[in-house]
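One structure is given here, and the rest of the page talks about it.
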Amino acid sequence: MYDTEVIWWFSNKSTESRAQTCFRKPREQLTMSDLVRTDLAEYAPASNLLFNEHIRDLIQSGRNIYHFAFGQSPFPVVESAVQALKDHAGENAYLPVAGLKQLRQAICDFHQKYDGFDDVDPEDIIVGPGSKELIYLVMHVFNGDVIVVSPSWTTYKPQARLAHHIPFVLETNLDNAWKLTPRLINEFVEKNKMKKNRLLILNNPDNPTGTSYSEQELQELSGAFRKHNIIVLSDEIYSRIRYDQNHVSLAKFYPERTIISTGLSKWASAGGWRLGYHMYPKQLSDLRKAVRSAASHTYTSAPSPVQYAATEMFQNLDVCDDYIKHCSRILDAVGSYCYWELTSVGVKAVKPTAGYYIFPDFEVIKENLKRRGFKTCEEMCAVMLDECGVAVMAGGPAFLRPVDELTTRLCYVPFDGGNALAYSRSLGLGTELPENFVKDYCTPVYNGIQALKNWVLDQKKH
Ligand SMILES: Cc1ncc(COP(=O)(O)O)c(C=O)c1O
Numbered sequence: 000m001y002d003t004e005v006i007w008w009f010s011n012k013s014t015e016s017r018a019q020t021c022f023r024k025p026r027e028q029l030t031m032s033d034l035v036r037t038d039l040a041e042y043a044p045a046s047n048l049l050f051n052e053h054i055r056d057l058i059q060s061g062r063n064i065y066h067f068a069f070g071q072s073p074f075p076v077v078e079s080a081v082q083a084l085k086d087h088a089g090e091n092a093y094l095p096v097a098g099l100k101q102l103r104q105a106i107c108d109f110h111q112k113y114d115g116f117d118d119v120d121p122e123d124i125i126v127g128p129g130s131k132e133l134i135y136l137v138m139h140v141f142n143g144d145v146i147v148v149s150p151s152w153t154t155y156k157p158q159a160r161l162a163h164h165i166p167f168v169l170e171t172n173l174d175n176a177w178k179l180t181p182r183l184i185n186e187f188v189e190k191n192k193m194k195k196n197r198l199l200i201l202n203n204p205d206n207p208t209g210t211s212y213s214e215q216e217l218q219e220l221s222g223a224f225r226k227h228n229i230i231v232l233s234d235e236i237y238s239r240i241r242y243d244q245n246h247v248s249l250a251k252f253y254p255e256r257t258i259i260s261t262g263l264s265k266w267a268s269a270g271g272w273r274l275g276y277h278m279y280p281k282q283l284s285d286l287r288k289a290v291r292s293a294a295s296h297t298y299t300s301a302p303s304p305v306q307y308a309a310t311e312m313f314q315n316l317d318v319c320d321d322y323i324k325h326c327s328r329i330l331d332a333v334g335s336y337c338y339w340e341l342t343s344v345g346v347k348a349v350k351p352t353a354g355y356y357i358f359p360d361f362e363v364i365k366e367n368l369k370r371r372g373f374k375t376c377e378e379m380c381a382v383m384l385d386e387c388g389v390a391v392m393a394g395g396p397a398f399l400r401p402v403d404e405l406t407t408r409l410c411y412v413p414f415d416g417g418n419a420l421a422y423s424r425s426l427g428l429g430t431e432l433p434e435n436f437v438k439d440y441c442t443p444v445y446n447g448i449q450a451l452k453n454w455v456l457d458q459k460k461h
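Going by numbering that gives the first Met the number 0, the final residue of the sequence shown carries number 461, and the count climbs one at a time with no gaps.
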């Protein structure tokens with residue numbers, strides 16, 4: 000009884016009174032500090048998931064909403080993988096904690112093809128129920144300081160806090176396309192007193208900004224990481240859907256201290272399958288073993304049918320390759336459209352190079368909104384939703400940005416990916432997508448961006 004009540008209350012801070020009427024009142028009212036670690040006093044559930052629920056409620060109540068607030072692949076899973084999952088539905092045994100051996104071998108082959116990694120050993124890999132869980136476990140067992148980059152994916156910092164770290168935040172800026180540079184790293188290390196061991200979480204390609212690092216940038220960064228003894232957890236989950244198919248892993252230049260984190264959720268559109276993995280360098284095998292041990296005491300092993308199906312998927316590289324290229328070029332077309340339309344009315348953003356996010360900054364209407372009484376990013380997003388039906392996620396603290404900076408994360412995925420994919424395939428990769436592709440095949444994105452653009456122009460009149 001207490002457990003249910005606490006969990007419910009915990010995830011709905013603002014609705015405490017409802018919780019009390021929904022559940023039998025405990026004899027003695029328990030306070031937050033009685034129940035929850037005091038360092039988690041401000042801990043809240045993943046903000047994107049809650050906001051998504053709010054939008055769904057609005058949609059169910061009949062509102063026409065352009066839902067750009069939740070990022071998951073618009074495409075169906077590769078057909079052959081769906082069949083493989085059906086075929087293996089009867090697999091009910093627990094698998095090795097680090098994952099099925101043949102899956103780990105298939106993962107090595109996959110990365111040999113795409114990243115040119117010749118020396119990954121299946122022993123260096125841990126498979127888990129999503130890379131999110133594995134990232135959390137690394138932070139949990141790591142003895143040292145954790146560094147997160149601003150802006151960054153909404154989960155890294157809360158995970159670090161859950162894992163008992165007070166993470167250091169390394170700021171980047173829009174003028175530099177939200178990228179780290181050796182100078183930023185050097186200044187940061189000089190300014191902050193940190194422990195000997197440091198773990199930096201790098202997201203390349205990046206959610207929320209859509210940026211990717213070039214080969215030269217990574218080479219330069221690796222010098223700074225090496226100089227300052229920084230282990231890098233390189234979250235490369237969007238690497239296969241880099242539009243130019245030219246992803247370079249940090250491990251190419253900094254193999255000895257790079258942990259690669261990735262999985263099926265993005266390129267294979269299989270987020271709900273919950274399959275991710277980490278690849279460790281031999282030099283960090285103690286860390287890998289500690290994560291494997293933590294895994295054995297928490298999730299045991301990733302789901303068996305999914306591991307068997309994923310093995311077949313990785314072994315079928317030609318099908319994967321075709322699918323990846325079609326999805327990437329569709330996302331490229333949609334991302335470019337969003338970028339050009341929004342920047343045409345003065346909104347600032349970096350042109351997305353991968354994934355399905357753009358991180359627009361609405362600074363251009365800041366003074367106009369202020370005159371209307373809207374000062375923070377959250378206030379802007381609320382009025383935007385109200386007036387033009389466009390739902391984007393506010394930047395602000397969730398992305399480690401200041402509350403009065405008008406950055407937002409826009410996920411350009413609300414379109415029928417199956418239909419767009421079928422059309423792209425019907426053309427073949429040799430023929431370019433036509434100019435009206437986004438308007439005709441990604442219509443909700445097209446209309447939503449037009450609505451947003453007009454709303455920005457309207458604000459300028461205030
Ligand atoms: C940057 C980043 N890393 C990791 C993940 C988690 O992926 P998984 O589904 O493998 O847990 C996500 C998912 O949204 C993400 O955006």
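Heads up, the beta-carbon is just placed ideally off N, CA and C, and yes, glycines get one too.
Spell out the partners DSSP gives ASP360 in its beta bridges.
Along the sequence shown, one-based indexing puts residue 360 at 361. According to DSSP, ASP360 bridges with LYS347 and THR406.
Does any residue of chain C have a CB that is nearer than 8 Å to the CB of PRO181?
Looking for chain C here will not work: only one protein chain is present.
Rounded to the nearest angstrom, how far is the Cβ of SER300 from that of LEU94, given a contact under 8 Å?
Looking up residue 300 in the sequence shown gives position 301. Looking up residue 94 in the sequence shown gives position 95. Going by Cβ atoms, the distance from SER300 to LEU94 rounds to 4 Å, so yes, they are a contact pair.
What three-state label does DSSP hand PHE69 in the structure shown?
Reading the sequence shown from its first residue, position 70 is the one you call residue 69. The answer is coil: DSSP assigns PHE69 none of H, G, I, E or B.
In the structure shown, what three-state DSSP assignment does ALA308 receive?
Sequence index remark: in the sequence shown, residue 308 carries index 309 (1-based). ALA308: helix per DSSP, three-state reduction.
Are the stretch 293 to 309 and the stretch 390 to 409 in contact at 8 Å, needing three or more beta carbon pairs?
The stretch 293 to 309 is not in contact with the stretch 390 to 409.
So who's on the other strand from ASN202, going by DSSP bridges?
The residue you call residue 202 lines up with position 203 of the sequence shown. ASP234.
I'd like the ranges of any beta strand (DSSP E) spanning at least 3 consecutive residues and lying wholly in the stretch 244 to 304.
The qualifying runs are 257 to 262 and 275 to 278.
Can you tell me whether DSSP reads CYS21 as helix, strand or coil?
As a working mapping, residue 21 is identified with position 22 in the sequence shown. With a pLDDT of only 42 at CYS21, under 50, the local geometry of the prediction cannot be trusted, and the value read off the model is given with reservation. Three-state result, CYS21: helix.
From the DSSP output, read off the bridge partner residues of ASP241.
The sequence position of residue 241 within the sequence shown is 242, counting from 1. Residue identity differs from the one stated: residue 241 is Arg in this sequence, not Asp. According to DSSP, which records beta bridges pairwise, ARG241 is partnered with ALA353.
Where does ASP317 land, buried or exposed, given buried means 16+ other C-beta within 10 angstroms?
For the purposes of this step, residue 317 is taken as the residue at position 318 of the sequence shown. Exposed: under 16 other Cβ atoms inside 10 Å.
Return the chain-ordered list of same chain residues with a C-beta closer than 6 Å to the C-beta of PHE373, the five sequence neighbours on each side being excluded.
One-based indexing of the sequence shown puts residue 373 at position 374. The answer, listed in chain order, is MET379 and VAL382.
List, from N- to C-terminal side, the alpha helix (DSSP H) runs of 4 residues or more that fit wholly inside the stretch 376 to 438.
You should have 376 to 387 and 416 to 426.
Buried or exposed for LYS24, please, with buried defined as at least 16 other CB atoms from any protein chain shown within 10 angstroms of its CB.
Counting from one through the sequence shown, the residue named residue 24 turns up at place 25. Only weak support is given to the placement of LYS24: the predicted model assigns it a pLDDT of 49, under 50, and the question is left unresolved by the model.
Pop quiz: TYR237 and LYS265 are said to be a contact at Cβ under 8 Å. What is the actual Cβ separation, rounded to whole angstroms?
The count along the sequence shown starts at 1 and reaches residue 237 at position 238. The count along the sequence shown starts at 1 and reaches residue 265 at position 266. Indeed, because the Cβ distance is near 5 Å, the residues count as touching under 8 Å.
For CYS21, I'd like the list of residues in its chain whose CB is within less than 7 Å of its CB, leaving aside the five on either flank, ordered along the chain.
The residue given as residue 21 occupies position 22 in the sequence shown. With a pLDDT of 42 at CYS21, under the threshold of 50, the modelled position of this residue cannot be trusted, and the question is left open.
Please report the straight-line C-alpha distance between ARG160 and LEU428, rounded to a whole angstrom.
In the sequence shown, the residue the question calls residue 160 occupies position 161. In the sequence shown, the residue the question calls residue 428 occupies position 429. ARG160 and LEU428: Cα-Cα distance of roughly 45 Å.
Would you check whether ligand 1 has a heavy atom nearer than 7 Å to the C-beta of TRP152?
For this step, residue 152 is matched to residue 153 along the sequence shown. Within the cutoff, so yes.
Are the beta-carbon atoms of ASP418 and TYR445 separated by less than 8 Å?
By one-based count along the sequence shown, residue 418 stands at place 419. By one-based count along the sequence shown, residue 445 stands at place 446. The sequence given here places Asn at residue 418; Asp does not occur at that position. Contact flag unset, no.
Confirm, please, whether the CB-CB distance from PRO254 to ALA223 is below 8 Å.
The count along the sequence shown starts at 1 and reaches residue 223 at position 224. The count along the sequence shown starts at 1 and reaches residue 254 at position 255. Contact: no.
Please classify SER233: is it buried, with 16 or more other beta-carbons within 10 angstroms of its beta-carbon, or exposed?
Here residue 233 is taken as the residue at index 234 of the sequence shown, counted from 1. Buried is the call here.
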